[in-house]
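Protein sequences appear in the order of chains A and B.
Under UniProt numbering, the first sequence has 30 at position 30, and the numbering climbs by one with no breaks.
Under UniProt numbering, the second sequence has 61 at position 61, and the numbering climbs by one with no breaks.
2 protein chains.
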Amino acid sequence: MALSPKLRRLAEALAELPGIGPLSAQRIAFHLLSDDEHAEAHRLAKELEDAAASVRHCARCNTLCESEICDTCSDETREKDKLCIVETPADQLVIEGSHSYRGLYYVLGGRLSPVENRGPEQLGFSRLIERIKEPEVKEVILATSFTAEGDATAHYIALAVSRHRPDIRLTRLARGIPTGIELEYTDVATVAHAILGRRDAESR
Amino acid sequence: MALSPKLRRLAEALAELPGIGPLSAQRIAFHLLSDDEHAEAHRLAKELEDAAASVRHCARCNTLCESEICDTCSDETREKDKLCIVETPADQLVIEGSHSYRGLYYVLGGRLSPVENRGPEQLGFSRLIERIKEPEVKEVILATSFTAEGDATAHYIALAVSRHRPDIRLTRLARGIPTGIELEYTDVATVAHAILGRRDAESR
Ligand SMILES: [Zn+2]
Ligand SMILES: [Zn+2]
Numbered sequence: 001m002a003l004s005p006k007l008r009r010l011a012e013a014l015a016e017l018p019g020i021g022p023l024s025a026q027r028i029a030f031h032l033l034s035d036d037e038h039a040e041a042h043r044l045a046k047e048l049e050d051a052a053a054s055v056r057h058c059a060r061c062n063t064l065c066e067s068e069i070c071d072t073c074s075d076e077t078r079e080k081d082k083l084c085i086v087e088t089p090a091d092q093l094v095i096e097g098s099h100s101y102r103g104l105y106y107v108l109g110g111r112l113s114p115v116e117n118r119g120p121e122q123l124g125f126s127r128l129i130e131r132i133k134e135p136e137v138k139e140v141i142l143a144t145s146f147t148a149e150g151d152a153t154a155h156y157i158a159l160a161v162s163r164h165r166p167d168i169r170l171t172r173l174a175r176g177i178p179t180g181i182e183l184e185y186t187d188v189a190t191v192a193h194a195i196l197g198r199r200d201a202e203s204r
Numbered sequence: 001m002a003l004s005p006k007l008r009r010l011a012e013a014l015a016e017l018p019g020i021g022p023l024s025a026q027r028i029a030f031h032l033l034s035d036d037e038h039a040e041a042h043r044l045a046k047e048l049e050d051a052a053a054s055v056r057h058c059a060r061c062n063t064l065c066e067s068e069i070c071d072t073c074s075d076e077t078r079e080k081d082k083l084c085i086v087e088t089p090a091d092q093l094v095i096e097g098s099h100s101y102r103g104l105y106y107v108l109g110g111r112l113s114p115v116e117n118r119g120p121e122q123l124g125f126s127r128l129i130e131r132i133k134e135p136e137v138k139e140v141i142l143a144t145s146f147t148a149e150g151d152a153t154a155h156y157i158a159l160a161v162s163r164h165r166p167d168i169r170l171t172r173l174a175r176g177i178p179t180g181i182e183l184e185y186t187d188v189a190t191v192a193h194a195i196l197g198r199r200d201a202e203s204r
């Protein structure tokens, strides 16, 4: 039994989402269309369009939000001398969930990847460097993932920081986090440990 | 850090899908909105609306398809004397994947559930009974899941079959399938075993 064309296309689109395999995608497609009015499918489509119409990148930290400047960047109680650089908003959420960091963030939106043709330009590194040049920044915490690409991204940023702001402290999360694992899949206790045990980056 | 309102609503809608937890839902929401044009979100919304516009229930077996009568029901090589009753199209797909059954299906679209207020009327049992009354049906295979609700659903159907068609054989999948597990999460080898080892239902 093959899925009908539109069902198959929907299942294929769902299977491209992170963490959803082909069988889960089929189940979800059936679930979304199971009631006669297809209310679930219409509702999810509406939430997607609503979010797409409102969500944008914070002009300051590049995370996803619905205003020019996100709540975290607008929060006057944040420690403005610390800037934590993460790959994704999901990584940022994990660090926030660890309650071990009160500084600010910069969200890269990915990491350097020759395979996927993502270089410093695609990741908007010029904006990041402008941000790092601001005099209030006294420490940059490199919180990219401990993968080959994450390490290369951290190394690249470390070089740029050394060039533009040789005076500031440059740290990397402590290697309490298992190697080869995405940061966003790490439990908050381990993340808290890694934040508190952060150390000076090797490139300095 | 809280998610912004529209992101949170999208994550909540995603978290209601089968097999997606709250953290996965957040990750998927970020993923869908990460590129500047929100192309992924628009694409998924479009696939949902396209499918919702075309997908309907087969007039004969109630599965999800895009024509009046689905491909399986239209297939002249199918054994018309056997009718396998499943809860969902996903269950049907698992049985098809086991390559151990060449008869026809009836898809309930759920199971009896007092908790969720789903009785024989909500599941359209009158249509099922009309189907069972057709003289070509010689065997009904009850393939509802081995859960309390799935067993109750099978029992209810068994009583109806006994009343309307006391002449036909009534079988239940062999209990090779682990109890308390949804049929759709079962591996195909186990399903094949259960189909081949099916036995007469206890209610006869
Ligand atoms: Zn921000
Ligand atoms: Zn059909």
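Just so it is clear, CB atoms sit at the ideal spot from N, CA and C, and this is done for glycine as well.
The model shown is predicted, which means the values in this text are computed figures rather than measured ones.
Contact test: B/R60 Cβ vs ligand 4 heavy atom, cutoff 6 Å: With respect to ligand 4, the structure offers nothing, as its ligand set consists of ligand 1 and ligand 2.
Backbone CA spacing between A/L33 and B/C61 [nearest angstrom]: 16 Å
B/V115, DSSP secondary structure in three states: coil
Proximal chain E residues relative to A/Q26, where beta-carbon distance stays under 7 Å: The structure shown contains no chain E; the protein chains it does contain are A and B.
Cβ of B/G150 within 7 Å of any chain A Cβ: no
Residue environment, B/P89, which counts as buried when at least 16 other CB atoms sit within 10 Å: buried
Per DSSP, cross-strand counterpart(s) of B/K82: B/E139
Cross-strand partners of B/Y106 (DSSP beta bridge): B/I85
Length of the line joining the Cα atoms of A/F125 and A/I157: 8 Å
beta-carbon A/C84 near ligand 1 non-hydrogen atom, thresh 6 Å: no
Selected residue, minimal CA-CA separation from A/L112, among A/L173, A/G103, A/L104 and A/Q122: A/Q122
contact_flag[the stretch 15–26 of chain A, the stretch 187–196 of chain A] where n(CB pairs < 8 Å) is 3 or more: no
Collapsed DSSP secondary structure at B/H38 in the structure displayed: coil
Against chain A: residues of the stretch 4–27 of chain B by CB proximity under 7 Å: S4, P5, K6, L7, R9, L10, A13, L17, P18, G19, S24, Q26 and R27
Endpoints, the beta strand (DSSP E) within which B/T186 is located: Taken as a continuous stretch (DSSP letters only), B/T186 belongs to no beta strand (DSSP E), as it is neither H nor E.
Beta-carbon neighbours of A/L173, restricted to chain B and to distances below 7 Å: Near A/L173 there are no residues of chain B at all, since even the closest Cβ is about 18 Å away, more than 7 Å.
Beta carbon proximity, A/D187 to chain B, threshold 7 Å: no
Short CB-CB distance (under 7 Å) between A/S126 and chain B: no
Within chain A, partners of B/V55 - CB distance below 8 Å: S4, K6, L7, L33 and H38
Below-7 Å beta-carbon distance, B/E47 vs any chain A residue: yes
A/I69 classed as buried or exposed, judged by whether at least 16 other C-beta atoms fall within 10 angstroms: exposed
Neighbourhood of A/S54 by C-beta, 8 Å cutoff - its chain only, sequence neighbours within 5 removed: E66
Beta-carbon neighbours of A/C65, restricted to chain B and to distances below 7 Å: S4
Span of the alpha helix (DSSP H), counted from its first residue to its last, around A/L159: A148 to H164
Option in B/L64, B/E37 and B/G103 with minimal Cα separation from B/E76: B/G103
Inter-residue CB distance, B/A143 and B/D91 (contact presumed, cutoff 8 Å): 7 Å
B/R165 versus B/D187, B/L173, B/S145 and B/E136, residue with shortest Cα-Cα distance: B/E136
Residue environment, A/G119, which counts as buried when at least 16 other CB atoms sit within 10 Å: exposed
CB contact flag (B/I129, B/Y106, <7 Å): no
DSSP state of B/R198 mapped onto helix, strand, coil: coil
Unbroken beta strand (DSSP E) run spanning A/T171, endpoints: R169 to R172
Which of helix, strand or coil DSSP assigns to B/C70: coil
Straight-line gap, A/Y101 to A/D36 (C-alpha atoms, nearest Å): 48 Å
Strand pairing of A/C65, partner residues [DSSP]: A/R56
Contact test: B/T63 Cβ vs ligand 2 heavy atom, cutoff 6 Å: yes
Which of helix, strand or coil DSSP assigns to B/L48: helix
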